[in-house]
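Chemist: Residue numbers are given in full-length UniProt numbering: position 272 of the sequence shown equals residue 272, and the series is strictly consecutive. This structure is in structure tokens; I'll ask about it shortly.
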Amino acid sequence: MDNLNLTTLQKGQTAMTDVALDAFAAGLRGRLLTGTDADYDEARAIWNGMIDRRPGLIVRCAGAADVMRSVRFARENNLLLAVRGGGHNIAGNAVCEGGLVIDLSPMKSVRVDPGTRRLRVEPGATLADVDNETQAFGLALPTGINSTTGIAGLTLGGGFGWLTRKFGLTIDNIISMEVVTAEGKLVRVSENEEPDLFWALRGGGGNFGVVTSFEFRLHDLPGEVLAGLVVHPFADAEMVLRQYRQVLETAPDELTCWAVMRKAPPLPFLPAEWHGREILALAMCHCGDIEAGKVAAAALRDIGNPIADVVGPTPFAGWQQAFDPLLTPGARNYWKSQDFAELSDATIAVLLDAVRKLPGPECEIFIGHVGGAAGRIAVEDTAFPQRNSHFVMNVHARWREKSMDSTCIGWARELFEATKKHAIGTAYINFMPEDESDRVEAAYGGNYKRLTEIKRRYDPQNLFRMNQNVQPQAEMRAAG
């Protein structure tokens with residue numbers, strides 16, 4: 001077999017001999033895949049169908065030792081390195097062209113200690129895996145809203161969803177982590193162990209190492225929550241959003257309500273004549289007492305004259321999967337995001353204008369409702385920059401045909417530009433596409449300088465660069 005050409009950190013090429021590859025593979029408990037393996041194409045596929053990269057090597061890690069060996073191999077050979085958890089990242093950072101991918105997806109262990117209400121989870125687990133185990137004990141971890149998302153990437157970017165206003169972000173519930181650094185060493189991080197690295201990993205993304213184990217604190221959550229959708233005609237959207245905004249000013253932490261604007265999918269509870277027409281849906285979840293939830297949600301459910309109201313008691317794990325059918329893997333996806341302190345009349349007008357221009361049946365605009373417990377933690381306490389945001393906009397362009405790329409991407413970018421003057425400047429890095437590297441510093445706001453200092457200490461060569469990259473301080477000065 002000929003030497004295998006691999007991509008370097010500088011995007012050049014280096015030749016790897018069979019002998020070197022065989023020696024590397026022999027030291028792994030997991031599998032080393034190359035382009036000749038039958039399951040290579042399956043292993044390189046990720047959620048966003050726009051991303052089509054061919055890594056030179058994929059290591060399907062069986063444990064922390066495999067991760068350590070892989071990081072050392074990449075560092076010693078100056079290889080471009082990507083790290084894959086759930087493969088759900090919109091920017092496609094889970095795979096790299098021609099380099100080495102550390103695939104954590106086989107590492108799926110999820111262990112609940114109901115006595116201490118603690119969770120230990122490996123980075124290949126999905127949110128569904130976490131929900132399945134925690135709900136068996138009447139416990140929950142605040143995560144995201146799509147159960148196929150990987151726990152690792154979601155957590156390192158911050159992690160918010162239906163329980164965030166009550167229990168904080170996913171990162172706010174981390175007790176400790178085990179991390180493989182750029183030197184290939186496994187370290188434990190917590191408030192008292194490597195505290196700077198612990199700070200950076202809580203919101204700093206994959207810039208600082210490969211987390212091989214998370215330890216979380218859990219919260220009591222009985223099996224059912226009050227949750228569901230209230231769907232309105234788009235003609236009423238301006239009125240609904242204004243009242244929605246007003247109701248949320250005094251909403252209890254247990255109540256979260258997201259606004260979704262799109263063309264109606266053929267959901268069974270919607271009259272057929274509404275399928276394919278523009279609608280506004282209020283997606284809500286109350287994670288406390290069901291009767292208290294009915295009272296809290298009433299002000300939202302009483303708005304206007306909805307087409308459908310399917311809010312009621314439902315298993316939390318089931319509600320976590322409610323949006324999965326609309327977010328299946330393989331479609332082409334492009335996102336743009338803004339943070340808002342308030343949902344002003346001017347912002348609402350811009351949003352509604354964009355809905356009138358929806359380029360396809362799967363394109364949508366999410367307005368995430370945050371604040372609550374997550375907003376009561378100081379911005380400087382973790383790397384996560386969005387503590388002052390009350391609403392998070394995700395412009396989700398989603399389509400099937402490559403010929404629609406420019407139309408759908410252009411629509412998302414146009415709305416992003418139109419909302420800039422209403423936004424606060426920070427951004428959720430998990431919502432940022434691959435073409436937003438110039439936005440990273442602004443996204444982190446006042447936390448960025450400390451992140452660069454920690455990056456310089458733990459990864460001065462920027463080995464971990466397939467992410468929304470925080471550059472080492474020295475590299476920033478050289479670039480300037």
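Using N, Cα and C, we set each Cβ at its ideal position, and we do this for glycine too.
(1) Just how far apart, CA to CA, sit A152 and K11?
(2) Rank P385, L415 and K336 by C-alpha distance to the C-alpha of E436 and give the top, closest one.
(3) List the DSSP bridge partners of L255.
(4) Check whether the Cβ atoms of L127 and G99 sit closer than 8 Å, and answer yes or no.
(5) Give the range of the beta strand (DSSP E) segment to which Q338 is assigned.
(6) Could you check which residue in E224, N394 and R44 has the C-alpha nearest to that of E364?
(7) Does the segment 19-28 touch the segment 38-48, meaning 3 or more C-beta pairs lie closer than 8 Å?
(8) For G124, count neighbouring C-beta atoms within 10 Å of its own C-beta (all shown protein chains included) and say buried if the count is 16 or more, exposed if not.
(9) Excluding the 5 residues preceding and the 5 following D196 in the sequence, name in chain order all residues of the same chain whose CB lies nearer than 7 Å to its CB.
(10) Kindly give me the distance between the Cβ atoms of residue 482 and D220, rounded to whole angstroms, as I take these residues to be in contact under 8 Å.
(11) Three-state secondary structure (DSSP) at T452?
(12) Using 8 Å for Cβ pairs, my map puts N231 next to I279. What's the rounded Cβ distance?
(13) Could you tell me which of G312, A308 and I307 sits nearest to I290, measuring between CA atoms?
(14) Quick check: the Cα distance between L104 and N89, rounded to an integer number of angstroms?
(15) Can you list the beta strand (DSSP E) stretches of 3 or more residues lying completely in the segment 116-192, in chain order?
(16) Over what stretch of residues does the beta strand (DSSP E) that includes P233 continue unbroken?
(17) When you compare each of D353, G63 and R69 to G85 by their alpha carbons, which one comes out closest?
(18) Tell me the DSSP bridge mates of A308?
(19) Report buried or exposed for R465, applying the criterion of at least 16 other Cβ atoms within 10 angstroms of its Cβ.
(20) Which residues in the same chain as residue 482 place their Cβ atom closer than 6 Å to its Cβ, once the five residues preceding and following it in sequence are excluded?
(21) Spell out the partners DSSP gives H219 in its beta bridges.
(22) Answer with buried or exposed for K402, where buried requires no fewer than 16 other C-beta atoms within 10 angstroms of its C-beta.
Modeler: Inspection of the coordinates gives the following:
(1) By 1-based counting over the sequence shown, the position of residue 152 is 152. By 1-based counting over the sequence shown, the position of residue 11 is 11. Straight-line Cα distance between these residues: approximately 26 Å.
(2) The residue given as residue 436 occupies position 436 in the sequence shown. Here the closest residue by C-alpha is K336.
(3) Taking the first residue of the sequence shown as position 1, residue 255 is located at position 255. DSSP output for L255 lists H286 as bridge partner(s).
(4) One-based indexing of the sequence shown puts residue 127 at position 127. One-based indexing of the sequence shown puts residue 99 at position 99. No, they are not a contact pair.
(5) Translated into the one-based positions of the sequence shown, residue 338 becomes position 338. Start and end: R332 to F340.
(6) As a position in the sequence shown, residue 364 is number 364, starting the count at 1. Looking at E224, N394 and R44, the one whose alpha-carbon comes closest to that of E364 is N394.
(7) Here the segment 38-48 makes no contact with the segment 19-28; the two share fewer than three CB pairs at distances below 8 Å.
(8) The sequence position of residue 124 within the sequence shown is 124, counting from 1. Answer is buried; the Cβ neighbour count reaches 16.
(9) In the sequence shown, residue 196 corresponds to position 196, counting from 1. These residues qualify, in order along the chain: I454.
(10) In the structure displayed, the chain extends from 1 to 480; residue 482 sits before or after that span and is not available.
(11) Position 452 of the sequence shown holds residue 452. Three-state result, T452: helix.
(12) Along the sequence shown, read from residue 1 onward, the residue named residue 231 stands at position 231. Along the sequence shown, read from residue 1 onward, the residue named residue 279 stands at position 279. Reading off the sequence, residue 231 comes out as Val, not Asn. Right, their Cβ atoms sit about 5 Å apart.
(13) Taking the sequence shown and counting its residues from 1, the one referred to as residue 290 is at position 290. For I290, the nearest C-alpha among the options comes from G312.
(14) Position 104 of the sequence shown, counted from the first residue, corresponds to residue 104. Position 89 of the sequence shown, counted from the first residue, corresponds to residue 89. Rounded to the nearest angstrom, the gap between the Cα atoms of L104 and N89 is 14 Å.
(15) 118-121, 174-180 and 186-189
(16) Stepping through the sequence shown from its first residue, residue 233 is reached at position 233. Unbroken beta strand (DSSP E) run through P233: E224 to P233.
(17) The count along the sequence shown starts at 1 and reaches residue 85 at position 85. Here the closest residue by C-alpha is G63.
(18) Walking along the sequence shown from the start, residue 308 turns up at place 308. Answer by DSSP bridge pairing, in chain order: V231.
(19) Position 465 of the sequence shown, counted from the start, is the residue given in the question as residue 465. Buried: at least 16 other Cβ atoms inside 10 Å.
(20) In this structure the chain extends from 1 to 480, so residue 482 is not present and cannot be described.
(21) In the sequence shown, the residue the question calls residue 219 occupies position 219. In DSSP, H219 forms a bridge with A140.
(22) Reading the sequence shown from its first residue, position 402 is the one you call residue 402. Looking at its Cβ environment, which holds fewer than 16 other Cβ atoms inside 10 Å, K402 is exposed.
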